[in-house]
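Trainee:
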Amino acid sequence: MMSILRVTIVLLGLGGLFGCGLKEPALVEPPAVPRTVEVAVDDPACAYFYFLWGKNAELHQNFDEAREAYEKALICDAGAAQIMQSLGVLLLRMGQIEDGVVLLEKFLDLRPEETRLRAMVAKLLLDLGRKEDAMRRLEELHRLEPDDMRVLLMQASILAMDQQWDEAEKVLAPLIRQADRPEAYVLLARMQRKQRRYDQALAAYERALLLGRNPEFVLELAGLHQENQHLDRALLLYEELLQQDPHHERALLGMVQVCLANDQAGRAIAEAARFRRGSRPSNDFELTLAQVFLQGRELAEARKILQRLLRRSDLSEARYLLAILLAEQEDLEPALQQLAHIPAQAPEYARAMLLRGRIHIARGESPRAIETLFELIRTGPADSDVYALLSSLLQREQRGQEAEALLRGAMEERPDEHDLRYEYGMLLERQGRRDEALAAMEELIGRNPEHAGALNYIGYSWADANIRLELALEYIQRALTLDPDNGYIRDSLGWVYFRLGKLQQARRELEKSIEVLGNDPYILDHLGDVYHRLGLREQARERYLKAVEQFEDETERVRVQAKVQALDNGG
4 MMSILRVTIV LLGLGGLFGC GLKEPALVEP PAVPRTVEVA VDDPACAYFY FLWGKNAELH
64 QNFDEAREAY EKALICDAGA AQIMQSLGVL LLRMGQIEDG VVLLEKFLDL RPEETRLRAM
124 VAKLLLDLGR KEDAMRRLEE LHRLEPDDMR VLLMQASILA MDQQWDEAEK VLAPLIRQAD
184 RPEAYVLLAR MQRKQRRYDQ ALAAYERALL LGRNPEFVLE LAGLHQENQH LDRALLLYEE
244 LLQQDPHHER ALLGMVQVCL ANDQAGRAIA EAARFRRGSR PSNDFELTLA QVFLQGRELA
304 EARKILQRLL RRSDLSEARY LLAILLAEQE DLEPALQQLA HIPAQAPEYA RAMLLRGRIH
364 IARGESPRAI ETLFELIRTG PADSDVYALL SSLLQREQRG QEAEALLRGA MEERPDEHDL
424 RYEYGMLLER QGRRDEALAA MEELIGRNPE HAGALNYIGY SWADANIRLE LALEYIQRAL
484 TLDPDNGYIR DSLGWVYFRL GKLQQARREL EKSIEVLGND PYILDHLGDV YHRLGLREQA
544 RERYLKAVEQ FEDETERVRV QAKVQALDNG G
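The sequence shown maps to residues 4 to 574 in the numbering used here.
1. Measuring alpha carbon to alpha carbon, tell me which of A72, L313, N489 and G98 ends up nearest I86.
2. Where does the unbroken alpha helix (DSSP H) through A206 begin, and where does it stop?
3. With a 10 Å radius around its C-beta and 16 neighbouring C-beta atoms as the bar for buried, classify S394 as buried or exposed.
4. Counting only the same chain and skipping the five closest in sequence on each side, list residues whose C-beta sits under 7 Å from that of L93.
5. In its own chain, which residues sit with a C-beta less than 8 Å from the C-beta of R562, not counting the 5 before and 5 after it?
6. In whole angstroms, what is the alpha-carbon distance linking R236 and E552?
7. Checking 7 Å against the spacing of the C-beta atoms, do I364 and A372 come in under that value?
8. Inspect the beta-carbon positions of V124 and R140 and report whether they are closer than 7 Å.
9. For S369, I'd like the list of residues in its chain whose CB is within less than 7 Å of its CB, leaving aside the five on either flank, ordered along the chain.
10. Apart from the five residues on each side of it in sequence, which residues of its chain come closer than 6 Å, Cβ to Cβ, to G22?
11. For L120 and R114, I'd like the C-alpha separation in whole angstroms.
12. Going by C-alpha distance, which of K307, P384, G504 and Y201 is nearest A413?
13. Can you name, in chain order, every residue of its own chain whose Cβ lies under 6 Å from the Cβ of Y534, other than the five neighbours on each side?
14. Where K75 and G57 are concerned, what is the direct C-alpha to C-alpha distance, given to the nearest angstrom?
15. Following the continuous alpha helix (DSSP H) through L342, name the residue where it begins and the one where it ends.
16. For P33, which residues in the same chain have their Cβ closer than 7 Å to its Cβ, ignoring the five residues on either side in sequence?
17. Determine, using beta carbons only, whether E289 and I308 come nearer to each other than 7 Å.
18. Taking the C-alpha atoms as reference points, what is the distance between L227 and A303?
19. In whole angstroms, what separates the C-alpha of E519 from that of A457?
20. Determine whether the beta carbon atoms of I479 and L496 lie at a separation below 7 Å.
21. With a floor of 4 residues, list each alpha helix (DSSP H) that falls wholly inside the segment 365-427, ordered by position along the chain.
22. What would DSSP say about L539, mapped onto helix, strand or coil?
23. So what does DSSP say about A225, is it helix, strand or coil?
24. Would the segment 168-185 and the segment 131-151 be scored as touching if the rule is three or more Cβ pairs under 8 Å?
25. For D287, is the classification buried or exposed, using 16 other Cβ atoms within 10 angstroms of its Cβ as the cut-off for buried?
26. Going by beta carbon distance, what residues of the same chain come within less than 7 Å of L214, once the five residues before and after it are set aside?
27. Given S160, which residues of its chain have a CB within under 7 Å of its CB, disregarding the five upstream and five downstream residues?
28. Ordered along the chain, which non-local residues of its own chain (more than five positions away) have a Cβ less than 6 Å from that of P350?
29. Please report the Cβ distance between A211 and A192, rounded to the nearest whole angstrom; I am assuming they are in contact, meaning their Cβ atoms lie under 8 Å.
30. Buried or exposed: which applies to H529, given that a residue is buried once 16 or more other Cβ atoms fall within 10 Å of its Cβ?
31. If we count the other Cβ atoms within 10 Å of its Cβ and call it buried at 16 or more, is A482 buried or exposed?
Below is the structure:
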């Protein structure tokens, strides 16, 4: 549900828009509305009476009473636009956003000239995810107020949300051409940034800043430079922001990130210390700063910040981050102690339990890890990766039937969680039930044609069996489009190219896969086959030997060792 606070802010921003046009009654505490009063239909006097009653109750914050009075007023006069408006706004104040929007839309149909209210309703519709309805209201508003540039900005924003980039740019064009509005340039820059058109985005930001050096826009431009590894330019902008406002927390965080990326950890620590001396940073800021140092591998500094925070406040998020840090430093017992202090009602509890499970795994305590993960599942809905990890542990402990029952139960309870179905298919694969696994993955594709893992599994299975190769190629290419950095999908692409006899393409993809994943034995084996077919016998032999070293399964080692012997024998 949309934040009541946010709706309240919107209402306050509209000022006196919602006046009823009638003289306000004196602020006298009204008697309770009689619950048994019968109301007359099509009676303006009756409607006026209950309207005044509702207005007074609303002024005294008696919202339930006000709602009942307004509803009775509408029974008296169902077409009273002002009453409809007042009830709609009241429902927004009560947090009943959808009901409020319904009434306000009815009001707008009766009073199309209410342009400011139309803009507010469009924003609320957008927040409710009703983009088409929001766009319709904005188009109506644009016809009524063709010179209102804010309407065009909102329309362009909605189109950008749907990645209708060309249409959004067309809407922005008059704002840029006629009004030279900085907000239009910034929206254009954001759109270009999402499309990875960085040079155009940079030019748009620079133009916006020529029209007015808004600190928020400067911060966005610094982020763009940082994203593109133009760290010196980003640093200059963060310094500019901090000179203007020494308490600018986001600028300080950006500066620390840039310094860490530039191998200037000493300066990052010094800048953070200077900022802390000159400000009174909030707990949220300190937590974020600790995360920045943690991500920058400055573990000692992150640890200091978190320990200082915990001396000041018992913050579950700080304990969780400290546990991550301690686990990273292999201080596993202290990490478990931190996690034990996170209460079940804390937002971090589920993540803390999962981390506890992973720490027990790292300590070779699979039974305790299983117990911890079962406890997590019993406390409430868990993410699919919890089920995946628990299923994997149960299988490792030769408890395959329990693992299967676990996933089946989860799938019944949460039929739309596609990753659970994927994990179930992988369980069947690990149990050697490949026909069932393939059927499960095909069912998953029927439910979600864009599941990269299932597409890859099916495509690779067909390629490995040397069947349906063209369709296998199509599936794997779709999977790679959905998950372009996945080295295993790239291995599958290389393997299907090999099966199709496209050896140079197979070599290219498999070598890229090795770059991403390192010496994975299966990929080394595949690459050895490609080199062998290309006549590169020494490279093939080298890859096969590396694969033999990496395989843990004796059967696989023997299989690949036979390829080495065949090469040595001139095969």
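By construction, the Cβ of each residue, glycine as well, lies at the ideal position given by its N, Cα and C atoms. Everything numeric in this text was worked out from a predicted model, so none of it was measured.
Mentor: The short version:
1. A72
2. Y201 to L214
3. buried
4. E61, F66, A69, R70 and Y73
5. none
6. 47 Å
7. yes
8. yes
9. L396, R399 and E400
10. Interpretation of G22 is limited by its pLDDT of 36, a score under 50 that renders its predicted location unreliable; no figure is taken from the coordinates.
11. 10 Å
12. P384
13. Q542 and A543
14. 9 Å
15. L335 to A343
16. Note that P33 scores a pLDDT of 40, beneath 50, so its modelled location is shaky; the value from the coordinates is reported in the next line. Excluding residues within five positions, the ones whose Cβ falls inside 7 Å are W56, N59 and A60.
17. yes
18. 29 Å
19. According to the sequence provided, residue 519 is Val. The question's Glu does not apply to it. Their Cα atoms are separated by approximately 21 Å.
20. yes
21. 369-382, 387-399 and 403-416
22. coil
23. helix
24. no
25. exposed
26. D183 and P185
27. L190
28. none
29. 7 Å
30. buried
31. buried
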